[in-house]
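In full-length UniProt numbering, the protein residues as written are 1 to 290.
For each residue, glycine too, the CB sits at the ideal point set by N, CA and C.
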């Protein structure tokens, strides 16, 4: 059995007992040679906690699944556990994961933060998206990124904290470098901080974060529906170094709670030296910002 390298159980009407058998095989080391596992299309037939037991079997076994390169599972209930499994060091060879966008809420957030702090994510895995369910305080995750020697896992290219509550102290801890100095956000391509209760003071600290931790890959920043002012935006850009966000092409700020077009929009656009934008929301310029 240890020679089995691929298992495809897509749309196979797996039973609870079938998933339990898979979990037991993991615990016994029977699947140590497994390189590809696809169990998509079975989520309507089972409870989420059934798949949770399977993911826990990977986490709890000393060697995990050491050769697994591709894992596909579409049960939404295990997203948080998947992140924990990724950060446990039990999937060291993983290169591809479906789904690539993982959402988690307050129940799993502290465990996810511990996984980020530990920093044992698969080295070959790339382009994951972490998302947060609404109305969750995200300070423990921000502190985990700051406290980790490696920062945000290299496999995470998109971080969606929309609707979360970001505290001033947690942001400041990240801005001050946390543990291990700078470079904690080096592979981030997209950051969504919309509806995160960001005021002028927090926006200023966010600028300091980007100054401390250069984001050489960041292309999209969403700041919609926050409560900062035009003066706060000016301070934000004043805190940036020329190399802080060198690839940033799109800033989205919206019109409901934050800035509006007109004088305040003009302040934002002049702050980055690109002239007056054609309208509120998505800022555009022939100079490279889309």
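Look at the Cβ atom of residue i, then the Cβ atom of residue j, and state whether they are nearer than 8 Å.
i           : j           : result
residue 195 : residue 163 : yes
residue 245 : residue 218 : yes
residue 150 : residue 119 : yes
residue 51  : residue 19  : yes
residue 42  : residue 72  : no
residue 68  : residue 94  : yes
residue 59  : residue 90  : yes
Express the C-alpha separation of residue j and residue i in angstroms, rounding to a whole number.
i           : j           : result
residue 227 : residue 242 : 26 Å
residue 4   : residue 57  : 18 Å
residue 165 : residue 33  : 43 Å
residue 203 : residue 237 : 10 Å
residue 135 : residue 26  : 36 Å
residue 331 : residue 105 : Beyond the ends of the chain as shown, which are 1 and 290, falls residue 331; an answer cannot be given.
residue 121 : residue 247 : 26 Å
residue 190 : residue 82  : 21 Å
residue 87  : residue 22  : 21 Å
residue 201 : residue 167 : 11 Å
residue 63  : residue 54  : 15 Å
residue 268 : residue 230 : Residue confidence for residue 268 is low, a pLDDT of 47 falling below 50, so the modelled location carries little weight and cannot support an answer.
residue 116 : residue 17  : 32 Å
residue 182 : residue 152 : 11 Å
residue 66  : residue 85  : 12 Å
residue 294 : residue 127 : Here the chain covers residues 1 to 290 and nothing more, so residue 294 does not appear.
residue 160 : residue 15  : 34 Å
residue 79  : residue 24  : 21 Å
Please return the same chain residues whose Cβ sits closer than 6 Å to the Cβ of residue i, not counting the five positions on each side in sequence.
i           : result
residue 170 : 139, 142, 143
residue 215 : 185, 188, 245
residue 9   : 39
residue 154 : 187
residue 36  : 6, 70
residue 175 : 205, 208, 209, 212
residue 96  : 70
Relative to the C-alpha of residue i, which candidate in the options has its C-alpha closest?
i           : options            : result
residue 98  : 115, 89, 125       : 125
residue 107 : 123, 94, 133       : 133
residue 222 : 240, 250, 234, 101 : 250
residue 130 : 91, 100, 148       : 100
residue 253 : 240, 239, 197      : 197
residue 92  : 137, 80, 74, 123   : 123
residue 137 : 15, 74, 28, 113    : 113
residue 61  : 80, 161, 28, 75    : 28
residue 173 : 148, 161, 158      : 148
Beta-carbon within less than 8 Å of residue i's beta-carbon, same chain only, minus the 5 sequence neighbours each way: which residues are those?
i           : result
residue 199 : 226, 227, 228, 232
residue 235 : 200, 203, 204, 207
residue 240 : 207, 210, 211
residue 157 : 126, 127, 128, 129, 187, 188, 189, 190, 217
**Request:** Enumerate, from N- to C-terminal direction, the unbroken alpha helix (DSSP H) stretches of 4 or more residues contained entirely within the stretch 179-266.
**Result:** 200-212, 230-238
Self-check item: Every unbroken alpha helix (DSSP H) within the stretch 6-63, with a cutoff of 4 residues, ordered by chain
Solution: 16-27, 48-60
Requested in this report: Taking only runs that begin and end inside the stretch 106-163, name each unbroken alpha helix (DSSP H) of 4 or more residues, in chain order.
Outcome: 106-118, 139-147
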